[in-house]
Structures are given as structure tokens and as C-alpha cells.
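Residue numbers (my numbering): 164 to 628.
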């Protein structure tokens, strides 16, 4: 066998492996956006209430975020390839169940199972990229390809969901995961060799339990807020706070915590984790809230709703794919975060104006909100990884993803509850103001972080002199 043939075979196997891993992350991210345009159809078909719809959306994110930090440890302990394959099987199976069930309760359970598969898939797909490519340049190209294919899920989700729902009904948005998942599984088995497990890794079971309980109590309290008596509302939030405090205490005393508290010693990291939450809350909150608003207020079908989101999703993905490297070269990551959040806040205010004028003004606001993704998604990863020790880079990335998913969890719970007001227009106006406020708070924290960094640099220079 010639050397050239061996090289071609190696290149093919690497390309197929990247495609397998990218497809795994693609279907996970697709399910965070594709569902939104199908929610009114689901509500009508299943005779579901608004709270039911919120649980269908949030059950996926709740389990996803709850297990995200533990999923990396599972990969280390049982083998990354094995756990990634298991995640694919769980996601494929639960997607099939989602397409077959015809009751709200079973769909919520199936979506939660999907979330468990997603939590296992996403971190281990990126971990496999790191294992497969030891050369830094090759690894960077592989990560760029992985991120590029994954980002297409954001752009294609609403439009693809609209086409599928109008053409084949809402079950089709879940069935599409099956061929993509099976292709990823076959390619993985053909191109990726088993990776030895690290038997010394321990699972932080106590921390995991309280992480799940904190997310569950918070979600339940917010989603069911309007239907709970005042004492129970306070009780749910108090339990969420108590479980969070117990989680922090467990992590502080654990020898192998799922979330090392050392991450939060850096003001930049703490600020960026909030920025990640605010970004997901606003960007994906817009897709959730306005998917319902467009179909109720304008009488749009699922496909028309998907088209209405193109200014946000397509422009955001364009910036992510083609402009991120230029943004990172011209701006410090912290400044890019502040600018992105400022553009997002401005977009929200333009959308608010559009609610009182015309649809084109809303679409212009969406364009600015799309810029939020281009300026924030990559820089926030850079800030976190630059400000943590190398040995914490894996868990720092997981914490960043968890912060983003918590933002998504809160957006469905908080924004969805406002849509149950007397009129949907008054509810959507409150939602837009809440999303703009989240962006504004993120801008303020970024500016404070940059000011602190500047003072620290001047102090260091003074000491050196």
C-alpha cells in the first residue's frame, strides 16, 4: 500500500470522524431551536395549556443542564467514545418516542430523556475532537469545522422546523434526528477507535442530586407561578435557593467536585458565565416567545414563522462562521462581549418599537439581535479559557455550556409565563423589556470587569517601576 493511499485513507477517516462528532452536536443544538415554531401546532394537537408547552420545551433543557457537568466525568470514567455512542442511542431512541406519543405527559418524559442524551453528547463530542487531533493546528481546524457545522443548527432550526411542521406535522421535527443520529453512530464506529477509560475518576453524586433539585424547584416555581398560591411560590423559590446553597457547600468540600469553585475566583470568568446566561436567555428567548407571538398575532403558519426568524438566525450564523476571527483580532474578548450585549439590547428596543409600528421594524431588531451571537459566542469561550488553569479548562467549558443552558431554562420559564397575560401583546412587550434588561445588566458587568482589569494592569506596572 503506497504512502499516498495511506494518507488519503487517514484524511478520509478524520473527515468522517469530524462529521460524526459534528452531527452529534448538531442534533443536540437543533432541538433547542427547531421545537419553537412547532409549539402552537403541538398545543392544538395535544390540547395543551401554555404551561404544558413550557414544560415540553423546558424538560429537555432542565435535564440537559442538570447532567451537563457530570457528562464529562462519565466520558473520562467509562471511555469517551463509549459514552458518546451511548448518548447517540439515547437521543435517537427518545426522538423516536417523542414522535410517537400523543399525550402531554409522555412527551414531557420523552423530551427529558432527550435532554439526558444531549447532556452526554455535547461535551463528549468536543472531548473526542481533542483526543483525535494532537497537533494544535489540526485540532483548531477540527474545532472550527465542528463549531461551524454545529452553528448551522441555530440558523436552520426555525426554518427547517417550519417546513417539516407544515409539510408532515409536528412529529417530523423529532424524526429528523433519527437518520442524522444513525449516520453519526455508523461513522463513529467506523472511524474512531475506543479510548481508554480513566478509572480513578469519581462521580459527584451528591452534587448532581442537588443540582437537579435546584433546577427543578426553580423551573416549577416560575412556570406554575400564576397558578400557585403565594406561600407555595415562595416555598418553591426558597427550596431552589436552599438546594443551590447545599450544592455549593458540597462542591466546596468535595475532593472531585463537578463544579470546582476555584473557577469563580476570577472576576472575568464569573462575569463571562453571567454573559453566557444573558446571551442564551435573550437570543433563544426571542425564538421561543416570538414563535408563539408570530403565529397568534399575525396568523402565521410554522413555515412563515421560520422565515420571520431568518434575519436573526441567518445573520447570527453568518457572523459566527465568517466574521468571528476578524472580531477576535480587532477587539479584546471582553470588549466584544460588551458590544455584542449592547447590540442585543438595542435590537430588543427596536423590536419593542416594532410591536407598535410594523413587522419590518421587528425584523430590523432581529438583525441586531443576530449580531449578539456573532460578538458573544466565541469571545466568551476565549475569556473563560484564558483565565483558568489548563487543568480546569474542560470543566470550565462545561460550566460555560451549563450557564448557557440555564439561560435557556429561565427564558422559557420566565418569558412563557408572561405570554399568559390578558393579551399576548402586553405579555410579549414585558418579555422584550426583560430580555433587554438582561443584556443591559451584562453590559454593566462587562464594563466593571474591564475597569477592574485596567486598574489591576496599572497597579502591576506601578509595582514593576
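Just so it is clear, CB atoms sit at the ideal spot from N, CA and C, and this is done for glycine as well.
Keep in mind that this is a model prediction, so the values were computed, not measured.
A straight-line Cα-Cα distance of about 32 Å links residue 252 and residue 539. Put simply, of 390, 567, 333 the residue whose alpha carbon is nearest the alpha carbon of residue 228 is 567.
Excluding sequence positions up to five before and after residue 234, its CB lies within less than 7 Å of the CB of 282, 283, 286, 287, all in the same chain and listed in chain order.
The shortest C-alpha to C-alpha distance from residue 464 to any of 323, 422, 431, 504 is the one to 323. Between the segment 374 to 394 and the segment 574 to 584, the count of C-beta pairs closer than 8 Å reaches three or more; the two stretches touch. Between residue 570 and residue 443, the C-beta spacing is below 7 Å. Between the segment 495 to 508 and the segment 235 to 251, the count of C-beta pairs closer than 8 Å stays below three; the two stretches do not touch.
Take the alpha-carbon of residue 346 and the one of residue 254: they are about 13 Å apart.
Residue range 496 to 517 is occupied by the alpha helix (DSSP H) that includes residue 498.
Close CB contacts of residue 447 within its chain, under the 8 Å cut and outside five residues either way in sequence, are with 195, 196, 570, 571, 574 (chain order).
With respect to the C-alpha of residue 414, the residue from 400, 393, 445, 367 having the closest C-alpha is 367. Under the 8 Å Cβ criterion, the segment 333 to 340 counts as touching the segment 257 to 273, having at least three qualifying pairs. Across the structure, residue 390 and residue 207 are spaced so that their CA atoms are roughly 21 Å apart. For residue 551, the three-state secondary structure derived from DSSP is coil. For residue 412, the number of other beta carbons within 10 angstroms of its own is below 16, and it is reported as exposed. Of the candidates 277, 421, 517, the residue whose Cα lies closest to the Cα of residue 225 is 277. For residue 517, the closest of 592, 425, 293, 551 by C-alpha to C-alpha distance is 592.
In the three-state reduction of the DSSP assignment, residue 333 falls in the coil class, being assigned neither a helical nor a strand state.
With distances taken between CA atoms, residue 291 lies nearest to 188 out of 188, 520, 462. For residue 296, the closest C-alpha among the options 176, 496, 211, 485 is that of 176.
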